Every structure is written in structure tokens, then in C-alpha cells.
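So the structure is just underneath, and the comments pick up after that.
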Amino acid sequence: MATLRDVARRAGVSIATVSYVLNGTRSVSPEVEARVREAVRALQYRPNRLARGLRRKRTHVIGLVVPDSANPFFAEIARGMEDLSFAHDHSVILCNSDGDPAKEQRYLGVLIEQQVDGIALVSAHATPAHLSMLRQRRIPFVVVDRDLPGLEADCVLADNFQGGYLATRHLLERGHRRIACIAGPSELTPSADRVRGYRRALEEAGIRPREVWVQRGDFRAESGYEAARFFLSLPAKLRPTAIFACNDLMAIGAMRAIGEAGLSIPDDIALVGFDDILLASYVIPPLTTVAQPTYEMGRMAGDLLLRRLGEPDRPPARLILPVRLVVRQST
Ligand code: RIB
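Here the numbering used here runs 7 ahead of the position in the sequence shown, where the first position is 1.
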């Protein structure tokens with residue numbers, strides 16, 4: 008029996024476009040509509056309602072997989088999603104992948120065995136290939152925080168490029184010219200986009216970003232500590248007077264290295280983080296950071312997933328939420 012994917016392939020359009028045409032949920036060009044309808048006729052496609060009818064009984068349980076359950080950012084994502092889901096009579100199973108693709112794969116299998124109705128995923132992978140196991144089983148899913156190139160699925164992201172740009176421009180406005188960046192895992196879109204924003208702000212100010220000023224961390228405090236120690240070891244003319252860390256935990260790690268070196272924040276080294284976890288306003292000095300709408304991201308992920316459960320063929324939604332700079336004493 009022809010599937011939605013077969014029709015899309017024959018018509019040379021996306022699955023979403025076929026859905027728009029068949030459900031009339033969005034206007035497409037007459038030429039595209041004609042191609043889709045010809046493909047439906049030629050393949051004798053009928054919406055797979057029977058398969059939907061045979062779908063597993065609803066368990067009213069959904070899964071959430073995060074890469075580091077000890078990171079307050081993901082705890083906040085979980086809170087937002089769980090609050091919304093529980094209010095809509097769904098329980099949430101939280102899984103920690105430790106940022107390990109193999110462990111993530113295992114947990115996706117566990118959630119499938121548990122017959123969850125759907126899964127929200129902060130992916131440890133950099134590509135969507137591993138999601139095929141969900142698609143094959145027609146398990147609804149939503150991708151949160153980390154974009155996956157070429158993915159056609161519901162996703163809830165933050166505007167990471169803008170965040171990196173705002174953080175760096177703020178340091179430039181504070182008069183800094185030697186600005187370093189502690190990046191997260193470069194294969195993950197949040198870090199890559201923040202570093203792009205950092206580079207754009209420097210280039211706009213006529214500053215050539217030195218490669219020595221970008222050190223890669225892993226979004227954990229220890230890596231921020233090590234990266235800051237490296238920056239402080241640079242020769243005076245290269246040593247940064249400001250650091251943009253691509254998340255708050257690495258910024259807090261950097262604070263310790265700066266303090267151990269007997270230097271003061273912001274007088275010797277200004278510091279900006281990213282996320283605005285609760286701790287950011289309690290460290291001394293309180294941390295300037297880029298606030299993500301974290302709780303809201305979790306809620307919207309839950310909302311998209313529950314909507315998907317009700318309308319399996321609805322077109323995928325791609326939500327990119329704004330971030331904002333929160334200026335505190337560290338700059
Ligand atoms: O702090 C964890 C980081 O990983 C956050 O910045 C979040 O965007 C995730 O990608």
C-alpha cells in the first residue's frame with residue numbers, strides 16, 4: 008500500500024507538502040498541487056487510517072531524553088514539558104543519554120518497549136539518521152534545543168546565533184577587543200551557531216577572530232575551567248580581556264580559574280555565559296548571560312508532541328524562540 012512518503016517521492020515534494028495538499032492546511036502552487044494529485048492517483052494512495060486505527064493503544068506516557076540530567080538547563084526543559092504534559096493527563100519518563108549517541112539509542116529502544124505515545128529528544132547525535140527507528144514505528148517525536156540538519160519534524164529551538172552575537176557585541180560595547188570564546192561540542196548546532204554569532208560580531212567590529220581565542224569545551228564546568236586556564240596562559244598581547252562561554256556551567260568553571268589566578272571579574276577579565284540557569288544570578292559576581300526561554304521551550308515541546316498525537320499527519324512545526332541578554336556584574 009502506497010504511503011505518504013511514496014506520494015511525496017513520486018511528486019518530488021516533501022511529505023509536509025503532500026499533507027498540505029491532502030488536508031488543505033496550506034496553499035501550494037497549482038503546479039505542485041497537480042503533481043501531488045497525479046501521484047495520489049497513480050499510486051492509488053489512501054490515507055493510512057487503518058494503520059492509525061491499529062496503532063498501539065494510548066498509554067498516556069511520553070518520553071524525554073536529555074544529554075545531561077545534572078545540567079540545570081535540561082532540568083528546566085523537563086519541568087516545562089512535564090508541567091504541560093501532566094496537566095494534559097500524560098506522564099513523562101525522563102532518560103539521561105550522557106551526550107552518548109549509543110546510550111541515547113538504547114534509551115529510545117527502552118521508550119519504544121514501554122510503548123510511550125511519543126518522545127521529546129534533545130539529541131546527542133549531530134544527524135537525524137538515528138530517528139529512522141522512530142519513523143519506521145510511526146512514533147511521534149519532537150526535537151528540542153539541538154537542530155538536526157535536513158530533519159523534517161517538529162522542533163523547538165532557541166535563536167543561538169543571535170545569542171552569540173548579542174553576548175559578543177555587549178563585550179565590544181564594554182570596550183573589549185581581545186574577546187575569547189569557550190565553545191561547546193562543535194558538532195552540535197547550539198554551540199556552532201553561538202560561535203558563528205561571536206565571529207560575526209567581531210568581524211563587524213573589524214576584529215579578525217584569532218583561532219587561539221576559540222577553545223572547545225563540553226558544556227560542563229570542568230571544560231570551562233580548563234579553557235580559561237589556557238586563555239590566561241597566553242602571552243600578554245594575545246591574552247583576552249573578556250570571555251564568552253557558550254553556556255553558564257562553563258562560564259562558572261572559568262570563574263574558578265580566573266579567581267585562582269588572582270584576577271578579578273570584570274576588571275581583569277569580563278565574562279558572559281549562556282542559558283541563564285538559576286545559579287547565574289547567585290555566583291559572585293552575578294553572571295551576565297544570554298537567557299534562553301528554557302521553561303517555555305519545554306512547554307512548547309510538550310504542546311507540539313501532544314498535538315502530534317492528535318494529528319499524526321499535521322505538517323511539522325519549526326519554532327525558533329528569541330533569547331535575551333541579561334546584564335549583571337560579571338561584565
Ligand atoms: O547548558 C547546556 C547547553 O546545551 C545549553 O546551552 C543548551 O542549549 C544545550 O544545547
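Every residue, glycine too, gets a C-beta built ideally from N, C-alpha and C.
Quick caveat, the model's predicted, so the values are computed rather than measured.
What does VAL73 pair with, by DSSP beta-bridge criteria? ASN103
With hydrogens ignored, establish whether the beta-carbon of ARG153 is closer than 7 Å to any heavy atom of the ligand RIB. yes
Residues in the same chain with beta-carbon distance under 7 Å from MET307, minus the five sequence neighbours each way, listed in chain order, please. VAL163, LEU326
Give the straight-line distance between the Cα atoms of LEU155 and ALA133, rounded to the nearest whole angstrom. 6 Å
With DSSP as the reference, label GLN169 as helix, strand or coil. helix
Taking only three categories from DSSP, how would you classify ASP124? Of the three classes helix, strand and coil, the one that applies to ASP124 here is coil, per DSSP.
So ALA277 and LEU178 are supposed to be a Cβ contact under 8 Å. How far apart are they, rounded? 6 Å
Member of SER198, VAL123, HIS95, THR10 whose CA lies at the smallest distance from the CA of THR66: VAL123
With distances taken between CB atoms, is the gap from PRO292 to SER337 smaller than 8 Å? Contact check for PRO292 against SER337 passes: the beta carbons are separated by less than 8 Å.
Measuring CA to CA, which of LEU29, VAL330, ASP275 is closest to ARG44? LEU29
Apart from the five residues just before and just after ILE186, which ones in its own chain have a Cβ nearer than 8 Å to its Cβ? Taken in chain order, the residues that qualify are THR175, LEU178, LEU179, TYR205, LEU209, ILE214, TRP220, PRO247, THR248, ALA249, ILE250, PHE251.
Tell me whether the beta-carbon of HIS323 lies closer than 8 Å to the beta-carbon of ASP161. Reading the sequence as shown, one finds Pro at residue 323 and not His. Yes, they are a contact pair.
Heavy atom of the ligand RIB less than 7 Å from the Cβ of LEU71, yes or no? no
At the level of alpha carbons, what is the spacing between LEU241 and THR196? In this structure, the straight-line span from the alpha carbon of LEU241 to that of THR196 is close to 28 Å.
Would you identify the three-state DSSP class for ARG59, choosing helix, strand or coil? For ARG59, the pLDDT reaches just 49, beneath the cut-off of 50, and the residue's location in the model is therefore unreliable, although a value from the coordinates is still provided. Correct three-state label for ARG59: helix.
For ARG59, which residues in the same chain have their Cβ closer than 7 Å to its Cβ, ignoring the five residues on either side in sequence? Low per-residue confidence applies at ARG59: pLDDT is 49, beneath 50, and the placement is therefore not dependable, though the value from the model is reported in the following sentence. Here the set comprises PRO319.
Is DSSP giving LEU239 helix, strand or coil here? helix
What residue does the alpha helix (DSSP H) around ARG340 start on, and which one ends it? Past the boundaries of the shown model lies residue 340; the chain is included only from 8 to 338, so the question cannot be answered.
With a threshold of 7 Å, establish whether the CB of GLN299 neighbours any heavy atom of the ligand RIB. yes
Inspect the beta-carbon positions of ALA264 and LEU239 and report whether they are closer than 8 Å. Against a cut-off of 8 Å, the Cβ pair of LEU239 and ALA264 comes out as a contact.
Answer yes or no: do PHE80 and ASP310 have a C-beta to C-beta separation smaller than 8 Å? The answer is no: Cβ separation not under 8 Å.
Based on the DSSP secondary-structure assignment, which residues constitute the bridge partners of ALA187? ILE250
If contacts are defined as beta-carbon pairs under 8 Å, then GLY170 and ALA131 qualify, I think. What distance do you get, rounded to the angstrom? Actually they do not touch by this definition, with Cβ atoms about 21 Å apart.
Check whether the Cβ of ASN78 lies closer than 7 Å to any heavy atom of the ligand RIB, and answer yes or no. yes
Look up ASP310 in the DSSP assignment and say whether it is helix, strand or coil. In the structure shown, ASP310 falls within a helical segment according to DSSP collapsed to helix, strand and coil.
Beta-carbon separation of CYS253 and ALA190 under 8 Å? yes
Segment limits, alpha helix (DSSP H) that includes ALA298: No alpha helix (DSSP H) holds ALA298; the beta strand (DSSP E) holding it covers 295 to 298.
So, with DSSP's three-state summary, where would you put ALA258? In this structure, ALA258 counts as helix in the three-state DSSP scheme.
I'd like to know whether the C-beta atoms of GLY269 and GLY231 end up nearer to each other than 8 Å. no
State yes or no: is the C-beta of ILE69 within less than 8 Å of the C-beta of HIS97? Their beta carbons are under 8 Å apart, which means ILE69 touches HIS97 by this criterion.
How far does the alpha helix (DSSP H) with LEU91 in it reach, from first residue to last? 79 to 94
Beta-carbon proximity of ILE126 to VAL72, cut-off 8 Å: Result yes, Cβ atoms of ILE126 and VAL72 sit closer than 8 Å.
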